[in-house]
Amino acid sequence: MKRLLFLIVISAALWSGYWIYGSSTTRSAFEDWFADRRAEGWVADHAALEVQGFPNRFDVTMTEVALADPETGWAWTAPFVQILALSYKPNHVIAVWPDLQHVATPLGKFDITQAAMQASVVLWPSTDIAPDRIRLVADTLQISASDGTGTAMSALRIAAERLGPDGQPATTAPDEGATRYRIALSAEGFAPDLALRHRVDPTDRLPRTLDALRADVTLGFDRPWDRRAVEEARPQPRQIALRLAEARWGELELKAAGELEIDAAGEATGRMTVKAQNWREILAMARASGELPEGVADTLERALSLLAGRNDGIDIPLDFSRGLIWIGPVPVMESPVFVLR
């Protein structure tokens, strides 16, 4: 009995020592990361930084967090953020965000509010902090821009996983070369910005929210997403394999699938096929909104009429080449440049 009691006491002491060492190392790692960013010219500040959760967790809570990279124009501030991990499984973490956070990008500034937002992240066990799997859930999400525009949704679900060479979930460490990720996204109760909605639908025929907005896509990058994506530069897209993207808004329905290869300049080559239901009404709304220039709308309508005949549904092959998007031999618009800043 005494021997058993002695073993219990020793085990408890050893585990307590491990937790104290682990919590101290965790705190130092965060403090060092913030100090390194400041040395590189970032704004990288926080108020309190606490590590709690003894005996089975390392729960990090930071308050008044502010990060800004002047080189790229990205910034993020939040009243707090939590990163929670089991002490015996530190590569599986839960991230919890506050009800309100602020994001600045090269395109504008945004306030993000939600009833709840958290993510489960499984990292490959290394100092590179490379995610293998991510599951993010946000409820009652609203994104408000500084110009007064904004979108909202009742729920957002995102799942992502790193793929191996065989296209299955990866089981080996990420290498320095091209890396692919499969991403599934679903937004429920998606409500577009009211100003945009009134431009697209001036007669108010469409419902306030979309019936469906989802996508399943595999993205290939020139290197893995890991800590260097924040500290140095973003990995750049090299492939887009869209299994299915779907948007339904009242009687309007769009589906898309296809593959694009992207070069070092961000120029895409390949084909996306869009299936449009009630395409004439979609085109008329785009024309009325001013989002589609009049000359482009006329060219597009003639090309689609040849493809569709009298049908309300149509499969539209969009070819990406030489910086343009083509329908058959007709260029209809400039292709977007796929570069992440």
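Residue numbers (numbering that gives the first Met the number 0): 0 to 340.
All C-beta atoms, glycine included, are put in the ideal place defined by N, C-alpha and C.
Here Pro316 really is in contact with Arg270; their C-beta atoms are around 6 Å apart, less than 8 Å. Between the region 138-152 and the region 169-182 there are fewer than three C-beta pairs closer than 8 Å, too few to call the two in contact. For Asp318, the beta-bridge partners assigned by DSSP are Arg270 and Trp325.
By the C-beta density criterion, Glu70 is exposed, having fewer than 16 other C-beta atoms within 10 angstroms. Here the region 149-166 does not lie against the region 256-264, with fewer than 3 beta-carbon pairs under 8 Å apart. Counted as a single uninterrupted DSSP element, the alpha helix (DSSP H) harbouring Arg198 occupies residues Leu193 to Val199. In this structure, the CA atom of Arg227 is about 21 Å from the CA atom of Thr170. Phe319 and Asn277 have their C-alpha atoms some 24 Å from each other. Of the residues assessed, Arg237 falls on the buried side of the cut-off, its CB having 16 or more other CB atoms within 10 angstroms. In the three-state reduction of the DSSP assignment, Thr208 falls in the coil class. Between Met152 and Ala115, the C-beta spacing is not below 9 Å.
For Ala154, the enclosing beta strand (DSSP E) has its first and last residue at Gly149 to Leu162.
About 5 Å separates the beta carbon of Val50 from that of Arg26, a gap short enough to meet the 8 Å contact definition. For Tyr17, the closest C-alpha among the options Phe57, Arg156, Leu339 and Leu66 is that of Phe57.
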